[in-house]
Amino acid sequence: MRALVIWMMSFLLLCSVASAQSEEILLPQQEREDPEFIAPVIVDGDELFVVRGSSALPATDRAAKIEERIAQVADRSESKTVDIQISRAEFGQLVRVDGHMVTITTQADADHEQMDIEVLAGLQAEAIENAILKYREARSSEGRVDSALAAVAWTALFALVSYFFFAKRKKFLGYVRNNLEKRAESVEEATKSILRSRAIASIIVYSIHALMWVLFLFFLYYYLSLVLLSFAETQAIAQVLLKYVSEPLINVVLAVVGYIPNLIMLVIIAALCRFAIRGLDLFFANLENGAFEIKDFEAHWIAPTNMLFRALIIVIALVFAYPYIPGSGSRAFQGVTILAGIMVSLGSNTVVSNMMAGLFVIYRRSTNVGDRIMVGDKIGDVTEIKLMETLIKSIKNEMISIPNAQLLNSEVVNYSRKVDGRGLLVHTTVGIGYEEPPKKITAMLIEAAYRTQGLSKNPEPFVLWTQLADYAINYEINAYTSRGSSLPKILSDLHQNIVEVFNENGTQIMTPSYMADPPSPKIPTEEWDGKLAHIAE
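Right under this line is the structure:
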């Protein structure tokens, strides 16, 4: 029976913390902060009532004197009855217990409690009577035996829990590890060894082990508190220990319970956001599969447009959810939000510019995946257009990442985009001496263009005179091609064919520096047999 009472006392103590906290909110700020204004009268850890103080007699000193008188009256007798007397005195209502003065209920006390002084004196007298009877019962022989039995019961329970914790903990963790490794092997096979079963099992087992230690230390804390609570002399210490842990826990529980309406609203907002995103994905999936078409809406716009609308839906959901986020109304939360906004705005200028440039690159239709482009001195095929960067594969098979801001602010040459249907105009320049007939040079250059695969014969190639230099005329051969992705190979073949045609006709291409005319043209006179020394061996 005694153990059950102690259990009930513990529960009521936990509940009283929450009620005391809610009652404390109703007190004026000065009364809650000034220890000389009011103070509680506490006997064996139980708060009986509060008393007001004055500058001459602080409330804490007055409360201490009342507690001392109650203890003295309770120790004078082991009787199970108490004689309470209330009489009028100079400063208020005098409360006597067994003929001994314990306290005087003043008008200031009544004003503080906002009730009649006689009623307040009766309530304080009743609280004192109950405290004295409880005080005597806890220190009686029967009470000592019940306290000892309760302490032994708690100790036995703690010993049993400690035995299982220290003796069976490793075995339990081993059992958990083995089962996790078996289950994680299937995950490892499905992910092609991206995840390792032992690593996963070790992390989970470590977390469980840490949680077990936390629970054990938590149980040890409450075991000590409840053992101390079993004895009258240590109940005050036990209640202080319980308050250190129980009060924060109760605050958390109360905060969670009070947050339930906001949590429900957040769940509704999240569900609507998820529903809208699923509908959006379904719409763009059908658009990509060709179930329906939108005029002038290109296929490569589907993914980025879907991403933009998803981001817009999420932002709208966050705006609606913001007032329901825990602590969103506090100044600390608002300060952190402002600080985060400043940090993002200062540190993300380049990121934002690249993102905006990426949207322009995607939607302005100047560059598509698969096009061969030149940005600055970089030439390659566009393999992917991302929000932050564009990836191109160079003609040397190099993967080049170009920030979209640079792509937007640079001149981009697109070799794959057809302008007028004739194709890309390929051109190269050679310098030939003034002594050579121009018509002959023109005919040889056109012949070299005709021999080059990939260059169109219709429209016909043509030659331009680009410069009358000091020692040579610069002739530019121009020819159309529709194979922009093969431009390096076409230019290489064109150069090779120019050299061959000029050699066949005994015409020398001028060197960069002119000294004097050689006795004979510098052209190959012998054909190579195609063999090398290391091949012949």
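Mapping of the sequence shown onto mature numbering (1 follows the signal peptide of the UniProt record, and there is no 0): residues -20 to -1, 1 to 517, in sequence order. Just so you know, even glycine gets a beta-carbon here, dropped at the ideal spot from N, CA and C.
Return the CA-CA distance between residue i and residue j, expressed in angstroms with no decimal places.
{"i": "Arg32", "j": "Trp134", "result": "40 Å"}
{"i": "Arg76", "j": "Thr85", "result": "11 Å"}
{"i": "Tyr115", "j": "Glu58", "result": "10 Å"}
{"i": "Asn477", "j": "Leu435", "result": "12 Å"}
{"i": "Gln52", "j": "Leu74", "result": "17 Å"}
{"i": "Ile318", "j": "Leu298", "result": "16 Å"}
{"i": "Ile66", "j": "Tyr302", "result": "58 Å"}
{"i": "Tyr186", "j": "Phe263", "result": "45 Å"}
{"i": "Ile453", "j": "Leu387", "result": "38 Å"}
{"i": "Gly321", "j": "Ile353", "result": "38 Å"}
{"i": "Val406", "j": "His475", "result": "12 Å"}
{"i": "Lys373", "j": "Ala429", "result": "28 Å"}
{"i": "Glu93", "j": "Ser226", "result": "28 Å"}
{"i": "Val156", "j": "His189", "result": "11 Å"}
{"i": "Glu415", "j": "Arg402", "result": "35 Å"}
{"i": "Asp78", "j": "Val232", "result": "45 Å"}
{"i": "Met424", "j": "Ala279", "result": "46 Å"}
{"i": "Leu160", "j": "Phe196", "result": "23 Å"}
{"i": "Ile249", "j": "Ser34", "result": "55 Å"}
{"i": "Ser396", "j": "Thr370", "result": "17 Å"}
{"i": "Phe277", "j": "Leu467", "result": "30 Å"}
{"i": "Leu129", "j": "Arg119", "result": "14 Å"}
Which of helix, strand or coil does DSSP assign to residue i?
{"i": "Thr347", "result": "coil"}
{"i": "Arg402", "result": "coil"}
{"i": "Gln73", "result": "strand"}
{"i": "Gly411", "result": "strand"}
{"i": "Pro284", "result": "helix"}
{"i": "Phe264", "result": "helix"}
{"i": "Arg463", "result": "coil"}
{"i": "Tyr455", "result": "strand"}
{"i": "Phe442", "result": "strand"}
{"i": "Val62", "result": "coil"}
{"i": "Met320", "result": "Correcting the residue type first, residue 320 is Ala in the shown sequence and not Met. It is helical."}
{"i": "Asp14", "result": "Low confidence applies here, because Asp14 scores a pLDDT of 48, under 50, leaving its location unreliable; read the following figure in that light. Three-state result, Asp14: coil."}
{"i": "Gly360", "result": "strand"}
{"i": "Lys373", "result": "strand"}
{"i": "residue 536", "result": "This structure does not reach residue 536, given that the chain is present from -20 up to 517, and the question cannot be answered."}
{"i": "Glu27", "result": "strand"}
{"i": "Met245", "result": "helix"}
{"i": "Pro228", "result": "helix"}
{"i": "Leu448", "result": "strand"}
{"i": "residue 522", "result": "Within the shown structure, residues of the chain are numbered from -20 to 517, placing residue 522 beyond reach of any answer."}
{"i": "Ile515", "result": "In this prediction, Ile515 scores a pLDDT of 38, lower than 50, which makes its location untrustworthy; no coordinate-derived value is stated."}
{"i": "Met354", "result": "strand"}
{"i": "Ile365", "result": "strand"}
{"i": "Met490", "result": "coil"}
{"i": "Pro20", "result": "strand"}
Decide if residue i is buried, meaning its Cβ has at least 16 other Cβ atoms within 10 Å, or exposed.
{"i": "Thr83", "result": "buried"}
{"i": "Asn384", "result": "buried"}
{"i": "Thr432", "result": "buried"}
{"i": "Arg258", "result": "exposed"}
{"i": "Gly112", "result": "Going by the sequence as given, residue 112 is Ile instead of Gly. With 16 or more Cβ atoms within 10 Å of its Cβ, Ile112 is classed as buried."}
{"i": "Phe29", "result": "buried"}
{"i": "Ser381", "result": "exposed"}
{"i": "Ser472", "result": "exposed"}
{"i": "Met95", "result": "exposed"}
{"i": "Ile457", "result": "buried"}
{"i": "Asp357", "result": "exposed"}
{"i": "Ser390", "result": "exposed"}
{"i": "residue 518", "result": "There is simply no residue 518 to check, as the chain begins at -20 and stops at 517 in what is shown."}
{"i": "Leu100", "result": "buried"}
Residue i and residue j look like a contact to me (Cβ under 8 Å); what is the Cβ gap, rounded to whole Å?
{"i": "Ile421", "j": "Ile412", "result": "5 Å"}
{"i": "Leu229", "j": "Leu221", "result": "About 13 Å separates the two Cβ atoms, so there is no contact after all."}
{"i": "Ile365", "j": "Val349", "result": "6 Å"}
{"i": "Thr409", "j": "Tyr451", "result": "Their Cβ separation, rounded to whole angstroms, is 15 Å, which puts Thr409 and Tyr451 out of contact at 8 Å."}
{"i": "Ala107", "j": "Ile64", "result": "So it is not a contact: roughly 11 Å between Cβ atoms."}
{"i": "Ala39", "j": "Phe17", "result": "6 Å"}
{"i": "Leu260", "j": "Phe300", "result": "Rounded, the Cβ-Cβ distance is 17 Å, inconsistent with contact."}
{"i": "Val392", "j": "Val355", "result": "6 Å"}
{"i": "residue 565", "j": "Ser121", "result": "Because the chain here runs from -20 to 517, residue 565 falls outside it and cannot be looked at."}
{"i": "Thr347", "j": "Leu404", "result": "Actually they are not in contact, since the Cβ atoms of Thr347 and Leu404 sit about 16 Å apart, beyond 8 Å."}
Answer yes or no: does any C-beta atom of chain C fall closer than 7 Å to that of residue i?
{"i": "Val194", "result": "Structure shown: chain C not included; a single protein chain is present."}
Quiz item: Per the contact definition of three or more C-beta pairs closer than 8 Å, is the segment 222 to 239 in contact with the segment 266 to 286?
Solution: By the criterion of at least three beta-carbon pairs nearer than 8 Å, the segment 266 to 286 is not in contact with the segment 222 to 239.
Exercise. Decide yes or no for the touch test of the segment 43 to 53 against the segment 16 to 23: beta carbon pairs closer than 8 Å, at least 3 of them.
Key: Three or more Cβ pairs closer than 8 Å define a contact, and the segment 43 to 53 meets that threshold against the segment 16 to 23.
Quiz item: Counting Cβ pairs closer than 8 Å, one from the segment 198 to 213 and one from the segment 135 to 153, do we hit at least three?
Solution: Taking 8 Å as the limit for Cβ pairs, the verdict is that the segment 135 to 153 does touch the segment 198 to 213.
Quiz item: Can we say the segment 365 to 385 touches the segment 438 to 452, given the rule of at least three CB pairs closer than 8 Å?
Solution: By the Cβ criterion, the segment 365 to 385 is not in contact with the segment 438 to 452, since fewer than three pairs of Cβ atoms, one from each stretch, lie closer than 8 Å.
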